[in-house]
Amino acid sequence: MAPTSIIGGLFGKQVAAATRVVAAIDDISTEPVVHGAPRWTSAEFLERARQYPNAVAIDFSGGPYVRWMVTRLCEEAGRMERQDFAMVAGQLKLGAVYETCDLYRERTLARLDEFLAVADRFTDDFSRATLYSNLLFRLTYDRDHLLPVWNPYDEYFSKHDLGQTTTFKPGLNEHFVDCGAHQGTIIHRLLGATGGRYKSITAFEPDRLNFEKLKSLAPVPLANYYLINKAVSNKHEELRFVETGTMSSYVSTEGNTIVETTTMDDEVEQATFLKLDIEGFESKALQGATRLLAQRPRVAVCVYHLAHDLLDVLNVLDKKVENYHYKLRQHYAGWYYDLVLYGSPVDGVNAPSWAA
1 MAPTSIIGGL
11 FGKQVAAATR
21 VVAAIDDIST
31 EPVVHGAPRW
41 TSAEFLERAR
51 QYPNAVAIDF
61 SGGPYVRWMV
71 TRLCEEAGRM
81 ERQDFAMVAG
91 QLKLGAVYET
101 CDLYRERTLA
111 RLDEFLAVAD
121 RFTDDFSRAT
131 LYSNLLFRLT
141 YDRDHLLPVW
151 NPYDEYFSKH
161 DLGQTTTFKP
171 GLNEHFVDCG
181 AHQGTIIHRL
191 LGATGGRYKS
201 ITAFEPDRLN
211 FEKLKSLAPV
221 PLANYYLINK
231 AVSNKHEELR
241 FVETGTMSSY
251 VSTEGNTIVE
261 TTTMDDEVEQ
271 ATFLKLDIEG
281 FESKALQGAT
291 RLLAQRPRVA
301 VCVYHLAHDL
311 LDVLNVLDKK
321 VENYHYKLRQ
331 HYAGWYYDLV
341 LYGSPVDGVN
351 APSWAA
């Protein structure tokens, strides 16, 4: 069900290869075959489903409406069993992000007491609910746990200075550091949110294809805009790297090229806002930012690439900064993606005085 959703597009072929697929149910695609299976519309599914009384519907939906619709279709089709894709992924040992779903679950269980203790670190009840819901999803493979805490808006910061947000509002004097800048999506948002007002922008992006896009980010000159074609870590070295020209380029021993690593402290003079989305290297990057963290910037750090990312990132921050206010947001409800830890030297969503 919903095989051309984001999750279906990523994993549909793997599931089809490991199961006996009767049909792929999708009203969006116009292709007659999806992931090697004949495509049925929802109406065709209702007409034919009862011919397969032992079949199970695998739900690839990514949002609440489609999930509801899949559930209703299964009920109308003679109460066919609906199995959420996450459960199937766990059984087939498919990838969560950079660990398989079963390993992600195992590693979460191994340090569950530490995860639960993190709840006391957050400044708001919604962060605690987000933590508990995320843990329940990891342990039960049931994505429905993510829906009540899904926050699809304002990842990293609000898109407009006048907008309401529960993450951060950008200041007009930010020294913004974007680790994992991709092709400039978040920098575009920063420029839009502040009307182009900032002190400096430093963008790290190791993927050469993405880096070329960053060079021509805007048709007008950008002042104090610094680009660094290296990966961010806690030391200088060369590593093998899977270069894809997408948001998912990453360090791997099976990489198709080699990248240099550097540290934030060695490349950046001043920071008021650190955004990190670097495919599991977030804690290492923060280890290499002792001087910058002493300037007490706000931080927005992705903590979902590896099962222990949230614990590892907090452990590093605890050694580098004191009296920070933390919150947690789940910005995608369809999979493990986009769990972000927010930390600020001041309480609330506004920038500290030195970046306002």
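Position 110 (the sequence shown) corresponds to 110 in this note's numbering; numbering is contiguous. Glycine included, C-beta positions come from ideal geometry on N, C-alpha and C. This one's a predicted model, so the numbers in the text were calculated from it and none came from an experiment.
Backbone secondary structure at residue i - three-state DSSP
i: residue 43; result: helix
i: residue 83; result: strand
i: residue 8; result: helix
i: residue 298; result: strand
i: residue 330; result: strand
i: residue 349; result: coil
i: residue 126; result: helix
i: residue 306; result: coil
i: residue 66; result: helix
i: residue 339; result: strand
i: residue 95; result: strand
i: residue 217; result: coil
i: residue 100; result: strand
i: residue 143; result: helix
i: residue 239; result: strand
Minimum C-alpha distance to residue i - residue among the options
i: residue 179; options: 319, 196, 207, 149; result: 207
i: residue 278; options: 246, 172, 294, 132; result: 246
i: residue 182; options: 202, 309, 307; result: 202
i: residue 217; options: 229, 228, 191, 184; result: 184
i: residue 131; options: 119, 139, 242; result: 119
i: residue 149; options: 137, 159, 133, 155; result: 133
i: residue 338; options: 328, 268, 5; result: 328
i: residue 5; options: 58, 126, 227; result: 58
i: residue 62; options: 333, 346, 340; result: 333
Opposing strand residues paired with residue i [DSSP bridges]
i: residue 25; result: 40
i: residue 249; result: Its beta-bridge partners do not exist; DSSP assigns none.
i: residue 231; result: 261
i: residue 178; result: 203, 275
i: residue 325; result: 344
i: residue 150; result: 330
Cβ-based burial, residue i [other Cβ within 10 Å; buried from 16]
i: residue 28; result: exposed
i: residue 146; result: buried
i: residue 351; result: buried
i: residue 272; result: buried
i: residue 188; result: exposed
i: residue 287; result: buried
i: residue 289; result: buried
i: residue 317; result: buried
8 Å contact criterion, which residue i and residue j should meet: CB distance rounded
i: residue 251; j: residue 281; result: 7 Å
i: residue 60; j: residue 3; result: 6 Å
i: residue 107; j: residue 314; result: The pair is not a contact, with the Cβ atoms about 16 Å apart (cut-off 8 Å).
i: residue 167; j: residue 325; result: Incorrect: roughly 12 Å between the Cβ atoms, too far for contact.
i: residue 261; j: residue 237; result: 5 Å
i: residue 331; j: residue 98; result: The pair is not a contact, with the Cβ atoms about 18 Å apart (cut-off 8 Å).
i: residue 14; j: residue 94; result: 6 Å
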